[in-house]
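Taking it in order: structure first as structure tokens, then the write-up.
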Amino acid sequence: MTPRIVESKARKLIGVSRSMSILTNRTAELWSGFRQRVSEISLRVSPDFISLQNYPEDYFRHFDPKKSFEKWAAVEVLEVSNIPQGMQFLELPTGKYAVFEYKGASNDPRIFQYIYNEWLPTSRYRLDHRTHFEVLGEKYKNNDPNSEEQIWVPILDR
1 MTPRIVESKA
11 RKLIGVSRSM
21 SILTNRTAEL
31 WSGFRQRVSE
41 ISLRVSPDFI
51 SLQNYPEDYF
61 RHFDPKKSFE
71 KWAAVEVLEV
81 SNIPQGMQFL
91 ELPTGKYAVF
101 EYKGASNDPR
111 IFQYIYNEWL
121 PTSRYRLDHR
131 THFEVLGEKY
141 KNNDPNSEEQ
151 IWVPILDR
């Protein structure tokens, strides 16, 4: 699977976040609460959802499934004029990303094993310490083998 290399524009997001780890995964709980309230967000750019992760700087260097990271359930907005109570604003800066068009169950870890253990080490890029995210569009079907999503991995030239 060969990714597209994209220079992403800055994005304004509104959503909810929670600290978790691979072992204490609370993604379903995070998304359940967010989806119930997403209609409160105005000026959405598209009907797509954004699932994102902010990892500590050494997260991938010394991987530990107990190590915490920040997980977000969000949507992109044109401008931030009214943030619903209990939600937060996050701006993603511009930057270079490897974008993987993934088709398969979202709970299958093999795509991430491929990206970080096979594609990245043999590419002309290295991982950048910025936000990782997935765009969940109209073809996204949680944990369905026919689901489609975009996986955005922040990169820098070596």
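Heads up: the sequence shown at position 49 corresponds to 49 in full-length UniProt numbering, and the numbers run straight through without jumps.
Ideal Cβ placement from N, Cα and C applies to all residues, glycine included.
Are the beta-carbon atoms of residue 136 and residue 155 separated by less than 8 Å? In this structure, residue 155 does not lie closer than 8 Å to residue 136 by Cβ.
In the DSSP assignment, the beta strand (DSSP E) including residue 150 goes from what residue to what residue? Bounds of the beta strand (DSSP E) holding residue 150 are 148 to 157.
For the segment 8 to 25 and the segment 55 to 71, state whether three or more C-beta atom pairs, one from each stretch, are separated by less than 8 Å. These segments touch.
Residues that DSSP places opposite residue 115 in a beta bridge: Answer is none; residue 115 lacks a bridge partner.
Which one of 149, 101 and 133 has the shortest CA to CA distance from residue 70? The residue with the shortest Cα to Cα distance from residue 70 is 133.
Span separating the alpha-carbon of residue 123 from that of residue 144: One alpha carbon belongs to residue 123, the other to residue 144, and they sit about 29 Å apart.
Around the C-beta of residue 76, are 16 or more other C-beta atoms found within 10 angstroms, so that it is buried, or is it exposed? Under this definition residue 76 is a buried residue.
Can you list, in chain order, the residues of its chain with a C-beta nearer than 8 Å to that of residue 82? Leave out the 5 residues immediately preceding and following it. So the list reads 42, once near-sequence residues are dropped.
Could you tell me the alpha carbon to alpha carbon distance between residue 119 and residue 99, rounded to whole angstroms? So the two alpha carbons sit approximately 12 Å from each other.
What residues in its chain sit with their C-beta under 6 Å from that of residue 46, if we drop five residues either side in the sequence? Here the set comprises nothing.
Between residue 55 and residue 131, what straight-line distance do the alpha-carbon atoms span, to the nearest angstrom? Distance between the alpha carbons of residue 55 and residue 131 is about 7 Å.
Just how far apart, CA to CA, sit residue 30 and residue 58? So the two alpha carbons sit approximately 24 Å from each other.
Top-ranked residue by Cα proximity to residue 4, from 102, 140, 16 and 49: Among 102, 140, 16 and 49, the Cα nearest to that of residue 4 is on 102.
So, helix, strand or coil for residue 138, using DSSP? DSSP places residue 138 in coil when its eight states are reduced to three.
Tell me the rounded alpha-carbon separation between residue 88 and residue 74. CA-CA distance, residue 88 to residue 74, rounds to 9 Å.
Per DSSP, what are the beta-bridge partners of residue 20 in this structure? 69, per the DSSP bridge assignment.
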